[in-house]
Ligand code: FE2
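In this note's numbering, the protein residues as written are 98 to 376.
Have a look at this one:
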């Protein structure tokens, strides 16, 4: 149950930081499972799966196929000029997505339960729907930058309801690429949307010319492992590259309210797996 003070912070800032939301044992269990998933991930096998797709649409097809699967994606700097891994696979995976919360028993348990259901209700989600999970590695040395964006660009509902649940599985600091966000920026407009057109083409569309905040306006969200950061779908945020020797593993859930209309143009659709809430 959130306090009045926490609800005020949520409304004012567009985010809420909940330290110790997950116990060290829960965090250790998913971190161990994460490393097993990486071990099982075969970058070559996936390339074969997409060999029938035209090269320019490869990335679109890979993303769409991951909506109801658990697929690994490599860091941009993971491959050399010959397309070979520069370093061991365990240090090359950027993320795994996007249905771990439904397909993997360990992540399923981590992603559901009464504590999350109560929190979602407090945040105003009347009928939570868990569309997507991502396990983000932010690898030491090569962990890529994620530029300014709003998560609502990827999950448009009318009205806007998408809420991000961002779990730190390792300490996140300025050095290893913590989140940075614009305090109160969730009251601004949606700048872009990611559209899935006929023929499964994906395209980023500019909706509003409001500029992104400057880096001077960004607040670092440095948090310890086990912390849950919830943030509003319209909150502008980014994360810097990780040039440090420390990995920054995080796990995210993107949740909308089923009472709002989910845009048919969103990239992520559920065709086989049923959509579930937190319980
Ligand atoms: Fe994001």
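Glycine residues also receive a C-beta, built at the ideal position from the N, C-alpha and C atoms. Everything numeric in this text was worked out from a predicted model, so none of it was measured.
Buried/exposed call for residue 283, threshold 16 Cβ in 10 Å: buried
Look at residue 271 and residue 288 and say whether their C-beta atoms are less than 8 Å apart. no
Using a Cβ-based criterion (distance less than 7 Å to any ligand heavy atom), does residue 61 qualify as near ligand 1? Here the chain comprises residues numbered 98 to 376, so residue 61 is not present and cannot be evaluated.
Can you determine whether any heavy atom of ligand 1 sits closer than 7 Å to the C-beta of residue 157, and answer yes or no? no
Mind listing, in chain order, the continuous beta strand (DSSP E) runs of no fewer than 3 residues lying wholly within the stretch 338–362? 347–354
With respect to the beta strand (DSSP E) encompassing residue 293, which residues constitute its N-terminal and C-terminal limits? 289–294
Near ligand 1: residue 248 beta-carbon under 7 Å from a heavy atom: Yes, ligand 1 has a heavy atom inside 7 Å of this Cβ.
If we call anything under 8 Å between Cβ atoms a contact, is residue 259 one with residue 352? yes
Please determine if the stretch 118–129 and the stretch 312–331 are in contact, where contact requires at least 3 C-beta pairs separated by less than 8 Å. With the cut-off at 8 Å, the stretch 118–129 and the stretch 312–331 touch.
Cβ of residue 368 versus every heavy atom of ligand 3: is any distance shorter than 7 Å? Ligands present in the displayed structure are limited to ligand 1, and ligand 3 is not among them.
Considering just the uninterrupted stretch of the alpha helix (DSSP H) at residue 198, what are its terminal residues? Residue 198 -> alpha helix (DSSP H) spans 197–200.
Could you work out which residue in 172, 336, 104 is closest to residue 239 when comparing CA atoms only? 172
Rounded Cβ spacing between residue 277 and residue 313 (contact assumed at less than 8 Å): Residue 277 to residue 313, Cβ: 11 Å. No contact.
For residue 130, the first and last residue of its enclosing alpha helix (DSSP H): 121–137
DSSP puts residue 320 in a beta bridge; with which residues? 269
List, from N- to C-terminal side, the beta strand (DSSP E) runs of 3 residues or more that fit wholly inside the stretch 222–282. 225–233, 243–246, 260–265, 276–279
Where does residue 344 land, buried or exposed, given buried means 16+ other C-beta within 10 angstroms? buried
Among the candidates 107, 366, 161, whose CA atom is the shortest distance from the CA of residue 280? 107
Which of helix, strand or coil DSSP assigns to residue 194: strand
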